[in-house]
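Undergrad: In the numbering used here, each residue's number is its place in the sequence shown (first place is 1) plus 156.
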Amino acid sequence: MDSLNHRFAIVDDSPAILLVLEAHLKQQGYQHIDTFTDATLAFERISKDLNYYQAVFTDLNMPDMDGMTLIRLLGQQGFTGGVVIISEMEKKVIALASELAKENKTHLIGNISKPIDSAKLNLILSKLNAFLDKKVLDLGQMTEQELINAIKKNMITPYYQPKICSKTNLVESVEVLARIANDHSHLMLQPKSFIPTAEKFSLIDSFSFQLFDKAMADYHHLAKSFGSQLKIAVNVSPTQLDNLDFPSQLDSLREHHGLNSAHIIIEITEEYALKTTTQLETLNRLRMRGYLMSLDDFGTGFTNLTQLRTLPFTEIKIDRSLIRNIQSDKFSQVIVESLKQIAKEQHFTLVAEGIEQFSELEYLQNEFEYPILLQGYLICRPKPCNEMVHWYKNWLNHTVN
157 MDSLNHRFAI VDDSPAILLV LEAHLKQQGY QHIDTFTDAT LAFERISKDL
207 NYYQAVFTDL NMPDMDGMTL IRLLGQQGFT GGVVIISEME KKVIALASEL
257 AKENKTHLIG NISKPIDSAK LNLILSKLNA FLDKKVLDLG QMTEQELINA
307 IKKNMITPYY QPKICSKTNL VESVEVLARI ANDHSHLMLQ PKSFIPTAEK
357 FSLIDSFSFQ LFDKAMADYH HLAKSFGSQL KIAVNVSPTQ LDNLDFPSQL
407 DSLREHHGLN SAHIIIEITE EYALKTTTQL ETLNRLRMRG YLMSLDDFGT
457 GFTNLTQLRT LPFTEIKIDR SLIRNIQSDK FSQVIVESLK QIAKEQHFTL
507 VAEGIEQFSE LEYLQNEFEY PILLQGYLIC RPKPCNEMVH WYKNWLNHTV
557 N
């Protein structure tokens with residue numbers, strides 16, 4: 157899982173519980189954690205900046221100020237993060253405290269019984285991440301001036317999500333995903349908040365090349381952990397392919413960072429049709445120069461199976477809509493099987509993206525002899541460079557012999 161710069165506060169009068177819960181959270185990749193044995197001190201810290209922590213984990217039965225008081229005060233102060241109750245009290249007490257938390261207008265994510273159970277904690281974290289992701293989307297669209305300021309201030313930040321081989325569990329490439337720090341909170345804005353603005357006001361090239369520059373600068377650090385075969389995948393809008401100078405501009409940046417074109421995958425979204433001769437010429441020129449070409453979100457847009465045989469793609473990413481519940485969806489199974497056959501014939505890589513359930517992962521790993529790449533929140537949420545390296549060490553320890 158990915159912290160996405162989330163900060164957590166844990167409040168419990170037992171130092172042992174604090175240590176155990178903090179260790180569990182750090183094992184999942186969360187690094188920004190503060191612990192408090194005194195609820196009064198915790199409330200004073202939280203109330204200084206109500207946006208600083210994205211979640212508060214609190215015990216109920218504590219001396220001086222108990223957990224119910226803390227939750228009530230947080231609600232009165234307007235704390236908008238998630239709240240998780242951790243307690244060894246009887247179920248009815250916890251249930252009533254949970255109802256009171258909702259009445260006090262706090263965003264209760266759930267409760268965890270003591271001793272801490274890893275599986276239940278992971279379920280709570282999944283719910284918490286879903287809540288926080290929705291909260292980020294609710295921040296709305298950036299304005300033209302806000303995005304211009306973000307670009308001028310060099311605030312475009314690369315996050316990375318791995319694509320793993322279904323047979324070896326090793327990472328073969330990472331997708332570069334943009335984030336921008338929000339001026340009014342400690343959350344990171346996601347693409348839906350700024351990509352439409354970038355495209356509408358012709359800021360997409362300035363935005364993209366700042367992102368590409370930082371990702372290429374990170375490459376050598378990532379390659380030390382992932383291996384020199386690692387590839388980075390960057391997203392390019394079809395509208396950017398209308399610029400015939402795009403390949404040369406990308407070449408200049410790549411050469412500045414000492415990368416080979418074969419290290420870079422250009423992901424083209426299928427949301428818009430590749431229809432102009434200029435777009436097709438640019439696409440072909442990028443491939444001629446050795447860049448790998450990926451068709452993103454296949455199954456949602458304009459490209460059909462026949463076109464896959466003629467366009468110079470080296471990778472096809474199957475959209476989440478065809479992966480969701482694939483273990484029981486016969487229609488999706490037929491489509492993915494057809495893509496697998498074309499992938500074998502045309503020698504391109506097949507990627508299943510948006511994997512969120514164990515049943516989906518198991519089906520894709522077990523039903524295909526032909527290796528494909530797997531990507532999704534179940535495997536790893538997008539992370540900044542250093543957290544990506546930390547995640548991979550844990551991943552190798554748990555999945556690769």
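All C-beta atoms, glycine included, are put in the ideal place defined by N, C-alpha and C.
Remember, predicted model here, so these are calculated numbers, not experimental data.
Let me check understanding here. Comparing Cα to Cα, which of N522, L367 and K356 lies closest to I307?
TA: Of the candidates N522, L367 and K356, the one whose C-alpha sits nearest the C-alpha of I307 is L367.
Undergrad: Nearest to Q187 by CA position, among R163, P394, I250 and M372, is which residue?
TA: Comparing Cα positions, the closest option is R163.
Undergrad: Give the single residue among I280, K261 and T324 whose Cα lies nearest to the Cα of H180.
TA: With distances taken between Cα atoms, H180 lies closest to I280.
Undergrad: Which residues bound the alpha helix (DSSP H) around T433?
TA: T433 to M444 is the span of the alpha helix (DSSP H), which, as asked, contains T433.
Undergrad: Given A418, which residues of its chain have a CB within under 6 Å of its CB, disregarding the five upstream and five downstream residues?
TA: Hits under 6 Å: G446.
Undergrad: Using beta-carbon positions only, say whether G238 and L206 come within less than 8 Å of one another.
TA: No; because the gap between Cβ atoms is not below 8 Å, this pair is not in contact.
Undergrad: Look at the alpha carbon of G185 and the alpha carbon of L448, and state the distance between them as a whole number of angstroms.
TA: Computed Cα separation, rounded: 31 Å.
Undergrad: For F199, report the span of its alpha helix (DSSP H) as first-last.
TA: Element bounds for F199: A195 to K204.
Undergrad: Could you check which residue in K276, I479 and L430 has the C-alpha nearest to that of P468?
TA: Of K276, I479 and L430, the residue nearest in Cα terms is L430.
Undergrad: Consult DSSP for D485 and reduce its assignment to one of helix, strand or coil.
TA: It is coil, neither helix nor strand.
Undergrad: When you compare the segment 471-483 with the segment 518-538, are there three or more beta-carbon pairs, one atom per stretch, that lie closer than 8 Å?
TA: Short answer: they touch.
Undergrad: Kindly indicate the opening and closing residues of the alpha helix (DSSP H) around G266.
TA: G266 -> not in any alpha helix (DSSP H); beta strand (DSSP E) instead, spanning H263 to S269.
Undergrad: Whole angstroms is fine: what's the gap from L345's alpha carbon to Q531's?
TA: Distance between the alpha carbons of L345 and Q531: 21 Å.
Undergrad: So, at 6 Å on beta carbons, what are the nonlocal neighbours of I563 in its own chain, with the 5 sequence-adjacent residues on each side left out?
TA: No answer is possible for residue 563: the residues shown for the chain start at 157 and end at 557.
Undergrad: Taking only three categories from DSSP, how would you classify R163?
TA: Here R163 sits in strand by DSSP.
Undergrad: Take N391 and list the residues in its own chain whose beta-carbon comes closer than 6 Å to its own, dropping the five residues that flank it on each side.
TA: Counting only Cβ-Cβ distances below 6 Å, and skipping sequence neighbours, we find E423.
Undergrad: Let me know if P171 comes out buried or exposed under the rule of 16 or more other beta-carbons within 10 Å of its beta-carbon.
TA: P171 is exposed by the Cβ-count criterion.
Undergrad: If we ignore side chains and look at the alpha-carbon of each, how far apart do K539 and P352 end up?
TA: So the two alpha carbons sit approximately 22 Å from each other.
Undergrad: Helix, strand or coil for P272 per DSSP?
TA: The displayed chain sequence assigns Ile, not Pro, to residue 272. The answer is coil: DSSP assigns I272 none of H, G, I, E or B.
Undergrad: From S254 to T193, what distance separates their C-alpha atoms?
TA: The alpha-carbon atoms of S254 and T193 are separated by roughly 21 Å.
Undergrad: Where does L252 land, buried or exposed, given buried means 16+ other C-beta within 10 angstroms?
TA: By the 10 Å Cβ count, L252 comes out exposed.
Undergrad: Can you check DSSP and say which residues form a bridge with M344?
TA: Answer by DSSP bridge pairing, in chain order: A337.
Undergrad: My guess is that I241 and L216 are in contact by the Cβ rule of under 8 Å, so how many angstroms apart are they, rounded?
TA: At roughly 6 Å, the Cβ-Cβ gap stays under 8 Å, so I241 and L216 are in contact.
Undergrad: Is DSSP giving D222 helix, strand or coil here?
TA: In this structure, D222 counts as coil in the three-state DSSP scheme.
Undergrad: For Y316, report the span of its beta strand (DSSP E) as first-last.
TA: Taken as a continuous stretch (DSSP letters only), the beta strand (DSSP E) holding Y316 covers I312 to C321.
Undergrad: Starting from the Cα of V249, find the closest Cα among S269, T236 and I336 and give me that residue.
TA: Out of S269, T236 and I336, S269 has the C-alpha closest to the C-alpha of V249.
Undergrad: Reducing DSSP to helix, strand and coil, say where H546 ends up.
TA: In the structure shown, H546 sits in a helix (DSSP, three-state: H, G or I).
Undergrad: Candidates H376, I312 and E328: which alpha carbon is nearest K319's?
TA: When each option's Cα is compared against that of K319, the closest is E328.
Undergrad: Confirm, please, whether the CB-CB distance from G455 to I420 is below 8 Å.
TA: For I420 and G455, no; Cβs fall outside 8 Å.
Undergrad: Do you know how far the Cα of L436 is from the Cα of S274?
TA: For S274 and L436, the distance between alpha carbons rounds to 50 Å.
Undergrad: Can the beta-carbon of S408 be found less than 8 Å from the beta-carbon of I360?
TA: Result no, Cβ atoms of S408 and I360 do not sit closer than 8 Å.
Undergrad: Please tell me whether I312 and L284 are closer than 8 Å, where the distance is taken between their beta carbons.
TA: No; because the gap between Cβ atoms is not below 8 Å, this pair is not in contact.
Undergrad: Can you tell me where the alpha helix (DSSP H) with H412 in it begins and where it stops?
TA: Counting along the chain, the alpha helix (DSSP H) containing H412 begins and ends at F402 to H412.
Undergrad: Can you give the Cα-Cα distance for W551 and I304, rounded to whole angstroms?
TA: Approximately 38 Å between the Cα atoms of the pair.
Undergrad: Spell out the partners DSSP gives F213 in its beta bridges.
TA: The partner list for F213 (beta bridge, DSSP) reads I166 and V240.
Undergrad: Is it the case that the Cβ atoms of M224 and A195 are separated by a distance below 8 Å?
TA: No, they are not a contact pair.
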